[in-house]
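In this text, residue positions in the sequence shown follow the working numbering: the first is 109, and each later residue adds one. From the three backbone atoms N, C-alpha and C, an ideal C-beta is built for every residue, glycine too. Worksheet: one structure, shown below.
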Amino acid sequence: MKYTQLGRTGLKVSRLVLGTMNFGPQTDEADSHAIMDAALDAGINYFDTANVYGWGENKGRTEEIIGNWFAKGGERRDKVVLATKVYGNMAADGDAWPNHDKLSAVNIRRAVDASLKRLQTDYIDVYQFHHIDRRTPFEEIWQAIDVLVQQGKILYVGSSNFPGYKIAQANEIAARRGGTIGLVSEQCLYNLAERRAEMEVIPAAQEYGLGVIPWSPLHGGLLGGVIKKEVEGGRRASGRAADALANTAIRAQIQSYEDLLDKHGIEPGEAALAWLLTRPGVTGPIVGPRTAGQLESALRAVELELSEDLLTGLDEIFPGPGPSPEAFAW
109 MKYTQLGRTG
119 LKVSRLVLGT
129 MNFGPQTDEA
139 DSHAIMDAAL
149 DAGINYFDTA
159 NVYGWGENKG
169 RTEEIIGNWF
179 AKGGERRDKV
189 VLATKVYGNM
199 AADGDAWPNH
209 DKLSAVNIRR
219 AVDASLKRLQ
229 TDYIDVYQFH
239 HIDRRTPFEE
249 IWQAIDVLVQ
259 QGKILYVGSS
269 NFPGYKIAQA
279 NEIAARRGGT
289 IGLVSEQCLY
299 NLAERRAEME
309 VIPAAQEYGL
319 GVIPWSPLHG
329 GLLGGVIKKE
339 VEGGRRASGR
349 AADALANTAI
359 RAQIQSYEDL
369 LDKHGIEPGE
379 AALAWLLTRP
389 GVTGPIVGPR
399 TAGQLESALR
409 AVELELSEDL
419 LTGLDEIFPG
429 PGPSPEAFAW
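Okay, structure coming up:
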């Protein structure tokens, strides 16, 4: 495994991040524990989750699964850089009681304690805001975070799904307050097929020293060889990938992508991950394996070297927006 610093911090993290969103809803506890063991054995030390994972009446279940894994001992907790998130309401029926969601100081305090209990740990390495809160000022948010850092309950703070201007606003207010390190990472939707983050989010993250953690690196499976699987195994795409392939232009684009990688003898999913590892500012993409086999495929991407010829071909198929502000200003 290869490692890098998380943004401007001294924290070393693996170039792949283990996403746990499937633990509970799609992968049972025993298999989830086996995947986490395999990830740790392979050198992946950065695990990502969220308080709402498990979804519906099972919100919090994913954190519980991770907590039970930590409870097995064997230095599991000490070896893991643990990241979780706060924002969404935890009511099973989706109807939150007032002050039981978003980023008010009272909800942050409540949510941290609840996550710590489920995770069976006394601290969270990277506590992430799952979304912007348009009604809570950053002065209040940072005051709440300062208290949690002083209490030793969290060490660093990251954002998720933030636009560039909110990254700037959050860190400028943190700097004015003094003594607050501010955001150190941004978790955003970013992959070959979805490159809008290059316009504002990634430049802002680089300017303020945030590590970029792309989620959905295969774009809901669209970049994982869906057409090839459909032809060879009769396995039809579903969800976001199926919706995208219904568009003839997108299907042609994905066919060109798969043909290019077939020419180079590289698996599409592994190439999509390896491409992200070449991108400026990217710490490591989140991989969310449902099985041990999917984890093994993701691990191969870390050692995969993409030629300049292949990178040029990928840019031709999936052109990025170009540099900001030139891409939209003139």
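- Three or more beta-carbon pairs separated by less than 8 Å are not found between the segment 245-265 and the segment 308-322, which leaves the two stretches without contact.
- Within the same chain, Cβ atoms closer than 6 Å to the Cβ of residue 249 are found at 211, the five residues on either side in sequence being excluded.
- A contact between stretches requires three or more CB pairs, one per stretch, nearer than 8 Å, and the segment 289-300 meets this requirement with the segment 323-332.
- The three-state reading of DSSP puts residue 394 in strand, counting E and B together.
- If you look at residue 192, you'll find it in the beta strand (DSSP E) that goes 189-194.
- Per DSSP, the unbroken alpha helix (DSSP H) holding residue 422 starts and ends at 416-425.
- The segment 281-293 makes no contact with the segment 352-362, as fewer than three CB pairs between them are under 8 Å.
- Look at the beta carbons and you see the segment 148-165 touching the segment 187-197: at least three pairs across the two are nearer than 8 Å.
- Of all C-beta pairs linking the segment 374-385 to the segment 347-354, fewer than three are shorter than 8 Å, placing the two stretches out of contact.
- Ranked by how close their Cα comes to the Cα of residue 153, the residues 433, 127, 268, 138 have 127 in first place.
- Ranked by how close their Cα comes to the Cα of residue 255, the residues 220, 375, 137, 109 have 220 in first place.
- In the structure shown, residue 295 adopts extended strand secondary structure according to DSSP, grouped into three states.
- For residue 209, the secondary structure class from DSSP, reduced to helix, strand or coil, is coil.
- Counting the other Cβ atoms within 10 Å of the Cβ of residue 437 gives fewer than 16, which makes it exposed.
- Under DSSP, residue 120 takes part in a beta bridge, and its partners are 113.
- In its chain, beyond the 5 residues on either side, 216, 235, 262, 265, 288 have a beta carbon closer than 8 Å to the beta carbon of residue 253.
- For residue 399, the secondary structure class from DSSP, reduced to helix, strand or coil, is coil.
- Around residue 395, the same chain offers 124, 125, 126, 127, 325, 381, 402, 403, 406 as residues with beta carbons nearer than 8 Å, after the five sequence neighbours per side are excluded.
- In the DSSP annotation of this structure, the continuous segment of the alpha helix (DSSP H) that includes residue 139 starts and ends at 137-149.
- Judged by DSSP in its simplified three-state form, residue 289 adopts coil rather than helix or strand.
- With respect to residue 251, residue 213 sits close: the two C-beta atoms are nearer than 9 Å.
- By the Cβ-count criterion, residue 245 is exposed, with fewer than 16 other Cβ atoms from all chains shown falling within 10 Å of its own Cβ.
- Between the segment 412-425 and the segment 372-379, the count of C-beta pairs closer than 8 Å reaches three or more; the two stretches touch.
- The straight-line gap separating the alpha-carbon atoms of residue 420 and residue 209 is approximately 44 Å.
- With contact defined as three or more Cβ pairs closer than 8 Å, the segment 131-151 and the segment 163-179 are in contact.
- In the displayed model, residue 156 falls within a strand according to three-state DSSP.
- With a threshold of 16 other beta carbon atoms within 10 Å, residue 400 falls short and is exposed.
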